[in-house]
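At position 146 of the sequence shown the residue is numbered 653 (the numbering used here), and the sequence of numbers has no breaks. Following: one structure in structure tokens, then a few remarks.
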Amino acid sequence: GGCPSAGPRVMRLDSLPSLPSRRAAVSAALLASCASPPPAFAFENRLPPDELELKYKQPRTAGPQPTDLGVRAGGALKPCTDGKPHCFSSSPESFDGYEDAADEAAGWLVQPFRFDMPLADAVADVKEAIVSYPPGQRGIDGGGFRVVKESTSAQAAYIYVQYESRRKGFVDDMEFALANGVVNVRTSSRLGYLDMGVNAKRFTWFAERLGAQRGWKTVPLRAKGHEEYFALNGITDKDIMSS
508 GGCPSAGPRV MRLDSLPSLP SRRAAVSAAL LASCASPPPA FAFENRLPPD
558 ELELKYKQPR TAGPQPTDLG VRAGGALKPC TDGKPHCFSS SPESFDGYED
608 AADEAAGWLV QPFRFDMPLA DAVADVKEAI VSYPPGQRGI DGGGFRVVKE
658 STSAQAAYIY VQYESRRKGF VDDMEFALAN GVVNVRTSSR LGYLDMGVNA
708 KRFTWFAERL GAQRGWKTVP LRAKGHEEYF ALNGITDKDI MSS
């Protein structure tokens, strides 16, 4: 189900032991991240406001939350259908149960993550990655993040997270749908046309984080196959890779 109501809390996990207690710690941190953000400054785990932000205060513009997110047939997520280079999804468009062959060449289509372990362990790994995500990594998401929805059954799991830009408060939406050894992933901006590489950097952080762990296979984003996105947003492979 969704997140329970609670007052805002800071979410920090400096170390996560490889024991059952790790899952409890991660679950507690996720619940903390579900808290509603304070009205003054973004989410509770945001970076501190810098001098420019304090001097030139701007209204925060989150944009309307999409109403059509969530898991679809076959464990898929929403494809990227607005034609703008600010979205990635591992789920191609489907018409009457048939995938659109044109999506094979679509610049927004990415490889899903794959896991070889029990679902519960995979969910724990994804949760740990989420709570370990550093706001401000590669210059993005300085406004912090929060988990909006989490649901788990014996066969599948779903996690929806919102990320916010540091100064203008733009909110992006990221989803993880786990089932049958596959994690479909989607990350997208709500507003504007370009994203200046934000969604590529966010997707790649998770791909690299999980891909480095035992039992996971991921494909980080690179310019090959996504040439138009990289060119329009003025970024290179080096910009989104780990430093």
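We treat Cβ as the ideally placed atom computed from N, Cα and C, and that holds for glycine. All values derive from a computational prediction rather than experimental measurement.
With a threshold of 6 angstroms on Cβ separation, who are the neighbours of Y736 within its own chain once the five nearest residues in sequence on each side are excluded? Non-local beta-carbon contacts of Y736 in its own chain, meaning distances under 6 angstroms to residues more than five positions away in sequence, involve P592 and G614 in chain order.
Taking the alpha helix (DSSP H) that I637 falls in, what are its first and last residues? L626 to S639
Assigned secondary structure, F652 (DSSP; H/G/I helix, E/B strand, else coil): Strand, per DSSP.
Reduced DSSP category for Y563 - H, G, I as helix; E, B as strand; rest coil: Three-state DSSP puts Y563 in coil, outside helix and strand.
Helix, strand or coil at Q644 according to DSSP, with G and I counted as helix: Helix at Q644.
Inter-residue Cα distance where the pair is A686 and S596: 16 angstroms
What residue range is occupied by the uninterrupted beta strand (DSSP E) comprising Y667? In this chain, the beta strand (DSSP E) harbouring Y667 covers A663 to E671.
In the DSSP assignment, find the alpha helix (DSSP H) that holds V705 and state where it starts and stops. V705 to G718
Evaluate the contact criterion for the segment 642-651 versus the segment 709-722: three or more CB pairs, one atom per stretch, below 8 angstroms. yes
Reference Q720, options Q618, A583 and M624, closest by Cα: M624
If we define contact as Cβ-Cβ less than 8 angstroms, is W712 a contact residue for chain B? Considering every chain present, this structure includes no chain B. It has just one protein chain.
Counting only the same chain and skipping the five closest in sequence on each side, list residues whose C-beta sits under 6 angstroms from that of D744. R729 and A730
Does the segment 616-631 come close enough to the segment 655-674 that 3 or more CB-CB pairs lie under 8 angstroms? yes
Looking at G582: is its Cβ nearer than 8 angstroms to the Cβ of N740? no
Taking 8 angstroms as the cut-off, does the segment 570-580 touch the segment 553-561 (at least 3 CB pairs, one atom from each stretch)? They do not touch, by the three-pair rule.
Taking the C-alpha atoms as reference points, what is the distance between A636 and V630? 10 angstroms
Relative to the C-alpha of D698, which candidate in Y667, T725 and R567 has its C-alpha closest? As written in the sequence, residue 698 is Leu, which differs from the Asp given in the question. The option with the nearest alpha carbon to L698 is R567.
If you draw a straight line from the alpha carbon of D575 to that of G676, how long is it in whole angstroms? 22 angstroms
Can you say whether P641 is buried or exposed, counting buried as having 16 or more other CB atoms within 10 angstroms of its CB? exposed
For Q565, count neighbouring C-beta atoms within 10 Å of its own C-beta (all shown protein chains included) and say buried if the count is 16 or more, exposed if not. exposed
Using the beta-carbon count (16 or more within 10 Å), is K708 buried or exposed? buried
Helix, strand or coil for K724 per DSSP? strand
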